[in-house]
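To get the working numbering, take the position in the sequence shown, counting from 1, and add 752.
For each residue, glycine too, the CB sits at the ideal point set by N, CA and C.
Report on the following structure.
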Amino acid sequence: MFSPPPINTGIEVSGDYSLPIVFLSIIIASLASFTALSLNERILKNSFFHRNIWLILASIAMGFGIWSMHFVGMSALSLPFMMHYDYLLTCLSTIPSIIASFLAFYIVNQKKRSFASYLLAGIFMGIGISAMHYTGMASMVMDAYYVYNPWIFTSSILIAISVSFTAIYIFSRQQRYAKNSYVKTLTSVILGLAVASMHYTGMAGTTFYLPQQHVVTPEHHMNMTLLITGVTIGITLLLCLLQLSSLVDRYVDFRVSHIDILTKLPNRRSFEKALNNGGFYRSLAVWNLHNLEKLNNDHGYHFGDEVIRYVANDLRQLNLPLSDLYRIDGNRLALLLQGKDRLAELQKAMKLLSAKWTQPVLIQEKEILLQGVCAISSIDDHQSPKRLYTESLAVLSSLHIQYQNEVICFDPLIHTYSFEQEILNSIDQAMKKDDLFLVYQPKVNAGTHKIVGLEALIRWNHPVHGFLSPGVFIPILEQSHQISDVTNWVINKVCYQIKDWEEQNLPIYQIAINIPGEYVTSPILLKTLKKTLNKYTVDPRYIELEITETSVMESAESSMRAINTFREAGFSVALDDFGTGISSLSNLRQMPISTLKIDKSFVDEVPISEKDSAILEAIIALGHSLNLNVVIEGVETKNQVDFLSSTRSLLSLQGYYFAKPMIPEELMEWIKGNS
Ligand code: C2E
Ligand code: CA
Ligand code: CA
């Protein structure tokens, strides 16, 4: 294979390349690479299908792409003798390229990757491309025979490896930093060139010899036009199909996470997005169905579903211009309206519906009465659309609702007052009884997933309002300066809990306590902490104080002093919700904190958004460069965990993916299960 024939047995012949077909071959290789990379992306994202399916499809796209490039590339060369392909070997020659692509993609999609992984992936890919090429060469049946120049032969393989490595490295490393489609296109072209350059270098090192007495014919034996057209159409169809599958998957993923399956309406996630994005929404109507649970109990869930569909349909049929309907909860639908001064129009439409629903409605041949209430709110141009929802909620939590399909507009005097007053009047009682209690959410190490600490979070089982979120009652207590009593109560409960676990010989972890902004700088806080720790003989290293970034920024100097005294007394201090305030970086450097807690909003779109992923990585690096422990909160998905585990292991994670906040008994069970 490497040595030329004796002079008198063969004559050297050479062929001519058709440039347009050479280009076509490069385009095919690049398109195949593009498809393979698109399919690779699905591996990392929330996909409807298992990641291995995408891995296999990507390998097929790449493998067939390499193969087609080879055959089109071969057809670009017209040689002066008869030639055809051995069908079996031709088919078998796809196998090395598919297997090599699979191995390379498998490696680069691992959680933990290093430079060596990219190198190994490049080696596999390069060898696969070369193996396909040389198997393809062996499948040629002809009168002539050929000899490889050993140097060029070796170079062709090295070229395939190095260019594949470059493409894989760029794709995997730079993906997060640049606009994705550019990187993908560039990488596809490089990967396409890796395939093509290997082929044409390999061909440059191949010399064909004809037997002396052979009659020279200027044509291939096979119909090359037919071959090129066939291969091109075949591979184009295959690539289109695969691209389509990745698009369909993206669409399914979007539908599943943003659309309510029952009503086909956008769900709560879409609703929150719409409010957060600002937009032109100026008024909102929220319908709360009160008797849905009863209807479910009486007639079954299927009937309950029909009721929701019925209500959604009535709202949809209002056809209000510039309006968007959402299902934001099991029994709540929301109608957002764009444009100012539309409150009266919205009210009128809702009253029409309310009049209709006051009469019995016929659903699945049953006459039932809908019992609900509609809360309406509106804002002016200067207010944030988020306010629309809080105001509607305030209406819905009003004690005076009778669920007779009233349409109630938010009134700051009525709605805020009654609810707030309720909260303030009942908090003392709640602390005495067990209506107020603590739950604990674990924080785990990003690398080992072992528990490293806990955060204490407050819960209120209110006698009238049911379970109240701290997001609702903490701000009310803060505004009326009643939060310090509750904080003291939390400190007491936490210390008691640590002591209790210690006495039961259970493992003890550091517990983080949320300290509200205004209490941080109060001298009473440190006194209370010391007194309570003394009472239960708890070491301060078991306590971390979480202080929000915004509260620190409000009174930077005095907060800084307070934090210093906490650290001197042996407590850890965490800066909570980092990224939501606008703390100057120079302040951060001077702040004597021990931990940085990065706000959930930074992790929400990770790893799907390259920009957010890059920002998150930069903040983590910033925290580590300041020698701080870094905690990411609100980690919900496996993809987020994979991304965060692959970046750094000196990191703690907290979120529903690992565990929701739990009462002590549940927590101990969880710890047992987790170890
Ligand atoms: P925070 O300090 O930022 O607490 C984190 C919140 O995120 C908690 O909500 C927690 O349950 C929630 N969370 C944790 N993992 C995930 C996740 O994966 N996904 C989502 N969507 N949420 C997650 P929670 O318990 O409702 O508390 C809300 C806020 O109320 C807290 O925010 C804190 O500011 C305040 N708070 C809670 N307990 C206390 C307390 O004892 N004292 C004070 N002053 N404030 C408290
Ligand atoms: Ca916190
Ligand atoms: Ca937080």
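Counting only residues of its own chain and dropping the five nearest sequence neighbours on each side, Pro-1259 has a CB closer than 8 Å to the CB of Trp-1253 and Ile-1423. Secondary structure at Ser-830: strand, using DSSP grouped into helix, strand and coil.
Here DSSP, grouped into helix, strand and coil, assigns Gln-1135 to coil. Under the DSSP assignment, Leu-1114 falls in the beta strand (DSSP E) whose first and last residues are 1113–1115. Here Asp-1329 has Thr-1300, Glu-1301 and Asp-1351 as same chain residues with Cβ atoms under 6 Å from its own Cβ, once five neighbours each way along the sequence are excluded. In the DSSP assignment, Ile-1267 falls outside any alpha helix (DSSP H) and lies within the beta strand (DSSP E) extending over 1263–1267. In this structure, DSSP gives Gly-762 an extended state, which the three-state scheme calls strand.
Within the DSSP secondary-structure output, Leu-1402 pairs in no beta bridge. DSSP places Ser-949 inside the alpha helix (DSSP H), whose first and last residues are 932–956. In this structure, Ala-948 lies near Ser-777, with their beta-carbon atoms less than 8 Å apart. Ala-1182 and Glu-1172 have their C-alpha atoms roughly 15 Å apart. Ligand 1 never approaches Leu-978 closely enough for any of its heavy atoms to be under 7 Å from the residue's Cβ.
For ligand 3, a non-hydrogen atom lies closer than 7 Å to the CB of Glu-1385.
Going by beta carbons, Val-1355 and Leu-1368 fall inside the 8 Å limit. Nearest to Cys-1161 by alpha-carbon distance, out of Met-1420, Trp-1039 and Tyr-961, is Trp-1039. The alpha helix (DSSP H) runs lying completely inside the segment 1292–1351 and spanning 4 residues or more are 1301–1306, 1308–1320 and 1337–1342, given in chain order. About 6 Å separates the beta carbon of Ile-1263 from that of Tyr-1294, a gap short enough to meet the 8 Å contact definition. Rounded to the nearest whole angstrom, the C-alpha separation of Asp-1180 and Met-1312 is 31 Å. Cβ contact annotation for Tyr-952 (same chain, cutoff 8 Å, sequence separation greater than five): Val-774 and Gly-825, in chain order. Secondary-structure assignment with DSSP links Trp-1039 through a beta bridge to Leu-1085 and Cys-1126. Annotation: Ala-1198 is outside any beta strand (DSSP E) and is labelled neither H nor E by DSSP.
With 16 or more other Cβ atoms from the protein chains shown falling within 10 Å of its own Cβ, Tyr-921 counts as buried. In this structure, DSSP gives Leu-1380 a state outside helix and strand, which the three-state scheme calls coil. Classified as exposed, Met-753 has fewer than 16 neighbouring CB atoms from the shown chains inside 10 Å of its CB. In the three-state scheme derived from DSSP, where H, G and I count as helix and E and B as strand, Gly-986 is classed as helix. The alpha carbon of Val-1216 has as its nearest neighbour, out of Tyr-1192, His-802 and Ser-1149, the alpha carbon of Ser-1149. Gln-1392 has its Cβ no nearer than 7 Å to any heavy atom of ligand 1. Cβ neighbours of Ile-779 within its own chain (closer than 6 Å, five residues either side excluded): none. Between the C-alpha atoms of Val-1004 and Leu-1077 there is a straight-line separation of about 21 Å. For His-1214, the beta-bridge partners assigned by DSSP are Gly-1218. When C-beta atoms of the segment 911–919 are compared with those of the segment 868–883, three or more pairs fall below 8 Å, so the two segments count as touching.
The alpha-carbon of Ala-868 is positioned some 48 Å away from that of Ala-1314. Take Ala-1064, set aside five residues on each side of it, and the residues of its chain with a beta-carbon closer than 8 Å to its own are Thr-1015, Leu-1017, Leu-1077, Arg-1079 and Leu-1085, in chain order. In this structure, the beta-carbon distance from Thr-959 to Tyr-898 falls below 8 Å. For His-1233, there is no enclosing beta strand (DSSP E), as DSSP marks it with neither H nor E.
Within the model, the alpha-carbon separation for Ile-805 versus Ala-856 is close to 15 Å.
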